[in-house]
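Novice:
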Amino acid sequence: MKGNLYSSLRRISLLGICILFGAAMTFAQRTISGTVVDNTGEPLIGANILIKGTSSGTITDIDGNYTIRANDGDVLVFSYTGYQGQEITVSGQSTVNVTLVQGQLLDEIVVVGYGTVLKRDVTGSVASLKAENFNKGIFTSPDQLLQGRLAGVNVINNSGQPGGEATVKIRGNNSIRAGANPLYVVDGIPLDGRSARAGLISTDIGDIPNSNPLNFLNPSDIASIEVLKDASSAAIFGSRGANGVILVTTKKSLSDQPTIDFSVSAGVSSILKKYEVLNGDEYRSALQDYGNTGGNGGDNVDAFDEILRTGVTQNYNFSIGGGGDNNRYRLSFGYADIEGIVRESGIKKYNAALNSTFDFLDDRAGVDVFIVANHATEDIAPVSTNAGFTGNLVAQALQWNPTVPLYTNNGDFTSGMNNPLVGATTINPVALLAAHDERANTTTLLAGISPFVNITDKLQYRYRFGVNYGQGTTRGNIRGWINVQGIENRGFAAISHTDLVSQLHAHTLNFNTDLTSNLSFSALVGFEYQKFDFRGEAFAGRGFDVLDRDNTVNLQNGAPSDYLSFSFADPISELQSYFGRVNFNLKDKYLLTASIRADGSSKFGENNRYGYFPSFAVAWKLSNEDFISGGVFDDLKLRLGWGQTGNQEFPAGAAQERYQFTSGGVQQENVANPDLKWESSSTLNVGLDFALFDYALSGTIEYFSRNTDDLLLDPFVSEPGPAVRAWRNITGEVVNSGLEIALSAFLIEKSNVSLQLGANASFLNNEFSNFDGATIQVGELFGQGISDATVQVMTNGQPLNTFFTREFMGLDDAGNSIYRDNGDVFYVLGDPNADLILGATANLTVDKLSVGLNFNGAFGHQLYNNTANSVLPIGNLGTRNIDANLIGGEIRESTANAIAPSSRYIEDGDFIKLANATVSYEIGKVGSFNNINVSLTGQNLFVITDYTGFDPEVNTVNLANGIPSSGIEYVPYPSARSFLLSVAFSF
Amino acid sequence: MKNKIFLALLVLVCSFSCSDLEEELREDLTAEEAAKLVDVSSLLAASYDGMRTFQDVARYHMVTQMHTSDELLGPTRGPDWDDNGIWRSLHSHTWAADHAYLAASFSEILQVVFNTTNLLNFNPSTQQAAEARFLRAFCVFAIADGWGQVPFREAGTSLLEDAQVLSAQEALDFIIDEMNDIMGDLPDGPAYVANKDAAKGLLIKTYLNKGAFLNRQSPTFDQGDMNQVISLADQIINSGKYSLGNYFDNFAPNNDEISTENIFTGENRGGSSSGAVRSRWFCGLHYNQNPSGWNGFTTLSDFYDSFGDPDDVRLGGDYAGQTDVGGLKTGFLVGQQLDQNGTALLDRKGNALAFTREVALRETGNNLEITGIRVIKYTVDYNGGDNADNDYVFYRLADVMLMKAEAQLRNGDPSSALAIVNQIRVARNADALGSLDLDVLLAERGRELYWEGHRRTDLIRFGKFLNAWQEKAASGPERLLFPIPAQSLAGNPNLVQNPGY
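Chains as they are written, first to last, in my numbering: chain B, 1 to 987; chain D, 1001 to 1501.
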């Protein structure tokens, strides 16, 4: 599973146990210093030095040097990812130099909920990825760094717009409703999960996909990401843990010496895969073929090219780190300017982060402080997810008649007003680009302060206060000369604003001791309180005196009858939790972990205010048994875990009877449900970790089975009812099960050449079962001729979001579609959930040159190509463009063939993608510059797929009754292929 | 030292401990707050707003009363309006229990039933209670008409209890009792407020349709019920408040001022707050007309031909404020369409925009954009922006007169009935009829009340609903009721699916 974890041979390991667990707790100490090198004499940067039996330690700097204070008799434990650890007892030395030998892979430190453990002592299913193994390329948020890298973790972009949200699923889909994304925890602070980016009131061009709520983090500030996949590891997060937990750990300073790191990268992006439509000549020939005498404007125009560009990206990252005996700090600044490949779109990010730790009272107390501040400016293209028959920008560009110029001879935009070949409702895409402006400014602050006290050398108390403040302002303006229904001759201007604040107070006590020489014990108890606050307001106007200007600066000029205002404030939701965990380690062979969390949430009904989430896990280190030890296995560990987790991602106020203010009155909108509670998941996990042949081959095989019940749904209240809906925990369960395999192999391992291959595979199965309710229709389609049509269902015995539609049987002689049973009966005709998700990596290092490749793919699922269905049908011929696949078939399709949803547009979604390829060269030291590294990365270099739409890895998400669609493509913002040249150095 | 630190920490822990987790609402009100703070008039306003569901193009009136009948067709036009067959299934009587618009109609109308019942818990004034009870009865009638059974809760009943279900008989008894109870408390007007004449109108409909509601396959009409119809209708007709006027004024943006016929309407406030009455013109108008429409629904040539007399003003013509602004005529749009300057319009393919008489359920020809006669009953409000001013007509005088005539005819008094019909026809500039039977009366109701949301009820009452007509084969008796929506059925065990579904 953690194929990449072990490849960190040369790069820095950024996580020091000292920083997490604080300062040394010793008396009458003196200073010991030294250097840690590998067997070739190269210094090891960021190697851990820990005083055994305590939580104090340090890490080496960029020259491999360290300084630590210890007493005679203390044992120093030296460890480094991928290397065999060493223990040295202090007895009067002031210098201890250590050479570590490659091999001891499992000494890596892994972040888990409320603490860290050594990789070899992990009992649950925890996948970890260090910075050096992240995906390379142009990214705005950390979830994209994981795509394809970890077994069981699937990341699919919802939009190609830079900064767009992704759908992240850990071990499949748990939930019928929205709210199936994992919990993100940054340096111990659980995030809200929503973005503060403000959306505009109805713009008549549809809804813009959400922005990624993690955009505020600078990927280059992240040291490692851990994914808690099973319930035995995630149960400590209780009612927010059911979808898995992603722990993000930011970079700390590696050294006492002031060190400055600087990197600059520049890149270009262009479209990955174009949708095939007819060019001007092909269009003329199709018109001729169909005997259509009109529709030819005589030109050759590629309107899609006209909305695209080569996007230029610049990214600068600067950090300074250092410290003294009693403090460490790392301060970083980042600036990224990422142009989208659609004109007028992109994101600029300004980022600052501080991470520091201070020790007091002879290191018996200390405080960790971190602050991330980010401002993002997004220029948003009018590529909505739910455009009606006039389409979004991408649809309009694809549909544009390729024989008609986009501009008149006078340089005006071609439209129905000046060219009879253009229909009144056809929107010129370059005109829409010119008429539409939408800019979202989002400012986010995440700050944490965490004082701690080592009460004894075995007991530590820590308090953590965190605040996450986000505020977004979005301004949108559409000039009234554009022929968009509702905007034409009126104009549209809107301003929206949101505030999203969450707060955390957490208290933990950590206890560590050796009960006997064979049995060690550690325990954690904690109390945590979180509070979430979300509110916002919006204003919009139309009917302006001057149409051709930005009217967001003079909303008052809009027609009074068109003025719209709106505000909301969700109920403040509170989460109050008590939790504990114990670990036993007997003879370093038998490990036991048990945890429990009690979560009280203001969202739950009063009869179910608290939920309890237990977990148990055991592990057996077979390689430490005599009958295995010394054999072919360097490591062999069997793990078994079970636990319960919850999902409470439903709206605040759902349990209460509520009266809503409408535009003209007051009405009840929600029915009280005092029994309302979280969705509950039980997961069983069995895993085997192994390493063979002197650690040349290592890996993990895991099986899991997860049942989620008490599913939340807000169905119609039994009529006559107030609100449309009422929240219930319904009967029925979602069962996900699967097998995950992760392998890592060092094929060549020499001092100047190494070749490492990694692969991960996840076989997933998803089923909705024991559901006795009426089939739920989801997967609503949008576009011409398919209003309110759905193509997916949630029904008993099928996977979630099963495709359910007419079965297409071909065309009849007249060129019209034939459907099984005349199209009156719908059938189950596909499944958007992949059966197999693959990732593969290859890393070759020859001397100072290294090459890395990352592939990912998904198999055994279907996608619905609604771009073909509703945007580019044959009926467009004569007025607008069509899908190139419609021409040249055996039967000529009738231009009057109805746009009907059917299996005709369900395609296999199998793909394999070269997600990124990086060539880098370590120049090393030049003058006063150290660690000069130059790299060239290609991102999304190619995709192999039979899918005819844009990108099989993009998912246009639309909600129907709060339930997201899955695997439906509808004229998305297209994916980019990028090349990025980076230079990094330090001094 | 250690102990002091520990103590300090304990204090710190305690300072942040133990929220009671009571959820505080902000944008919304709790039941207690609502009871204390909310003025009943706000709840009543929301109830009236709920009645706007009837205006929606994909809800009760258009979906159940018009698409299923011989006056309207939602054709699939090649690439447009397939919509998963949701429109075709209505006209061809092949709808099923998962029909999204039928389900939403059922639910939204019953929301008004809820809101108006709930309001009674908030100490309304006598008139407010009467208005709410009228709206509730109006909606109970609509559900009984469509589904033959009405889920219902008395005021104060927990929503978590399954609603009881009123049979058609119980629903009709309920309406009659309620109207008689509140009649004196209702105001005299205006039309957009529940008023005495509206209550009488509902009673007339109840008595007239009772025989059909209780036996849909072969309705019988009790003489006493018909006498009730006549007597109640006379109270309205003889009140002196209403008179037959200029036909399309009843549907104009300022119909609240200029209509002389409207008895009960849904108020739309131009430019500020309206239902979806605009969809009534958007749904048929071609993209290249002004306003640009959705190029959808049409009427059928047989229905159009039932008019006979070409001078009948109900067929439409120029209308000031509309034809001079957008070139549109009112009534039935057939043949070449013009803009406001009289220039002939083209369709999107550059052919003449000339609506044909004939139209098919599935259009497959080269002219599929222009097939079918379009209907402009509500005249276009070019000034209202997204909120058109046209009040939505529920009851008007001509309907009451025709119901009286029908009662007279059913009670064996064709000459009185004929006199009423001819009174209307003369007012509409149509030739007077020489004789009257039920078929002629049904046709006259079609001519007078087309696209106003009465047709299915009329066809059932006259025993014609299952017949074959244009683009529809004869249908089975189960089609006399709609299926209880699947989600609703699953949510309330007291509901029993209607036979045949």
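Think of the CB as a built atom: it goes at the ideal place given N, C-alpha and C, for glycine as much as any other residue.
Give me the chain D residues within the contact set of D261 of chain B, using Cβ-Cβ distance strictly less than 9 Å, ordered along the chain.
Specialist: In chain order: nothing, as chain D lies at least about 36 Å away.
Novice: By the criterion of Cβ-Cβ separation under 9 Å, what are the contact partners of T795 of chain B in chain D?
Specialist: Under the 9 Å cutoff, chain D gives no residues; its nearest Cβ is about 11 Å from T795 of chain B.
Novice: I want to verify the contact list: residues of chain D whose CB lies under 7 Å from the CB of T879 of chain B, in sequence order.
Specialist: What T879 of chain B touches in chain D: R1348, K1349.
Novice: Going along chain D, which residues have a C-beta under 7 Å from Q656 of chain B?
Specialist: Ordered by position in chain D, the residues that pass the 7 Å Cβ test against Q656 of chain B are E1023, L1025, T1030.
Novice: Would you call the segment 1130-1141 of chain D and the segment 1464-1475 of chain D in contact, with 3 or more CB pairs under 8 Å?
Specialist: no
Novice: Within this structure, are the beta carbons of I201 of chain B and S496 of chain B separated by less than 8 Å?
Specialist: yes
Novice: Taking only runs of the alpha helix (DSSP H) that begin and end inside the segment 375-450 of chain B, which ones reach a length of at least 4 residues, in chain order?
Specialist: 393-399, 429-435
Novice: What residues in its chain sit with their C-beta under 6 Å from that of A960 of chain B, if we drop five residues either side in the sequence?
Specialist: V778, E780
Novice: Please report the distance separating the alpha-carbon of W678 of chain B from that of W1095 of chain D.
Specialist: 37 Å
Novice: Excluding five sequence neighbours on each side, which residues of the same chain lie with their C-beta closer than 7 Å to the C-beta of D588 of chain B?
Specialist: K621, N624
Novice: Would you say P571 of chain B reaches chain D, if we count a Cβ-Cβ gap shorter than 8 Å as a contact?
Specialist: yes
Novice: Hey, does V971 of chain B have any beta-carbon neighbour from chain D nearer than 8 Å?
Specialist: no
Novice: Measuring only between beta-carbons, confirm whether A1046 of chain D sits less than 8 Å from chain B.
Specialist: yes
Novice: Could you tell me the distance, in whole angstroms, from the CA atom of S595 of chain B to the CA atom of F527 of chain B?
Specialist: 14 Å
Novice: With a CB to CB cut of under 7 Å and the five nearest residues on each side skipped, what residues in its chain are close to L1433 of chain D?
Specialist: L1418, V1421, N1422, R1425, V1440
Novice: Would you say R542 of chain B faces chain D, with C-beta separation under 8 Å as the test?
Specialist: yes
Novice: Determine contact between the segment 268-280 of chain B and the segment 968-975 of chain B, defined as no fewer than three beta-carbon pairs at a distance below 8 Å.
Specialist: Enough Cβ pairs lie closer than 8 Å, so yes.
Novice: Might you give, ordered along the chain, the residues of its own chain that have their beta carbon closer than 8 Å to the beta carbon of E657 of chain B, omitting 5 neighbours on each side?
Specialist: Q668, N670, V671, A672
Novice: Between the beta-carbon of N135 of chain B and the beta-carbon of N181 of chain B, is there less than 8 Å?
Specialist: no
Novice: Here's the rule: buried if 16 or more other CB atoms are within 10 angstroms of the residue's CB, otherwise exposed. What is E1033 of chain D?
Specialist: exposed
Novice: Can you give the Cα-Cα distance for F27 of chain B and K119 of chain B, rounded to whole angstroms?
Specialist: Because F27 of chain B carries a pLDDT of 40, less than 50, the predicted location of this residue cannot be relied on, and the following value inherits that uncertainty. So the two alpha carbons sit approximately 30 Å from each other.
Novice: Using a Cβ-Cβ cut-off of less than 8 Å, give me the residues of the segment 1247-1278 of chain D that come near chain A, in sequence order.
Specialist: Judged by its chain identifiers, the structure shown contains no chain A, and its protein chains are B and D.
Novice: Hey, N157 of chain B and A166 of chain B are a contact pair by Cβ (cut 8 Å); roughly how many whole angstroms apart?
Specialist: 5 Å
Novice: Would V666 of chain B count as contacting chain D if we go by Cβ distances under 8 Å?
Specialist: yes
Novice: What are the uninterrupted segments assigned as alpha helix (DSSP H) that are 4 or more residues long and contained completely in the segment 1337-1418 of chain D, given in chain order?
Specialist: 1397-1410
Novice: Given the structure, does T498 of chain B come close to the ligand ATP, in the sense that its CB is under 7 Å from one of the ligand's heavy atoms?
Specialist: Questions concerning the ligand ATP fall outside what the structure shown contains, since it holds no ligand whatsoever.
Novice: Report yes if the CB atom of A435 of chain B is closer than 8 Å to the CB atom of I482 of chain B, and no otherwise.
Specialist: A contact, by the Cβ cut-off of 8 Å.
Novice: For Y66 of chain B, report the span of its alpha helix (DSSP H) as first-last.
Specialist: Boundaries around Y66 of chain B are those of the beta strand (DSSP E), 65-70, since no alpha helix (DSSP H) includes it.
Novice: Does the distance from the C-beta atom of F78 of chain B to that of I51 of chain B stay below 8 Å?
Specialist: no
Novice: Measuring alpha carbon to alpha carbon, tell me which residue in B:T948, B:T700, B:F532, B:L145 is nearest N865 of chain B.
Specialist: B:T948
Novice: With 16 as the cutoff for other CB atoms within 10 Å, does E438 of chain B come out buried or exposed?
Specialist: With 16 or more other Cβ atoms within 10 Å, it is buried.
Novice: Using 10 angstroms around the beta-carbon of V702 of chain B, count the other beta-carbons present and answer buried if the total reaches 16, otherwise exposed.
Specialist: Note that residue 702 of chain B corresponds to Glu in the displayed sequence, not to Val. E702 of chain B is buried by the Cβ-count criterion.
Novice: Strictly by DSSP, which residues pair up with T1265 of chain D?
Specialist: D:V1393
Novice: Short of 6 Å in beta carbon distance, which residues of its chain neighbour E1502 of chain D, apart from the five on each side in sequence? Order them along the chain.
Specialist: Lying before the first or after the last residue shown, residue 1502 of chain D is absent from chain D, which here runs from 1001 to 1501.
Novice: Whose Cβ in chain B lies nearer than 8 Å to the Cβ of P1151 of chain D?
Specialist: S718, E719, P720
Novice: Per DSSP, what kind of secondary structure is A198 of chain B in: helix, strand or coil?
Specialist: coil
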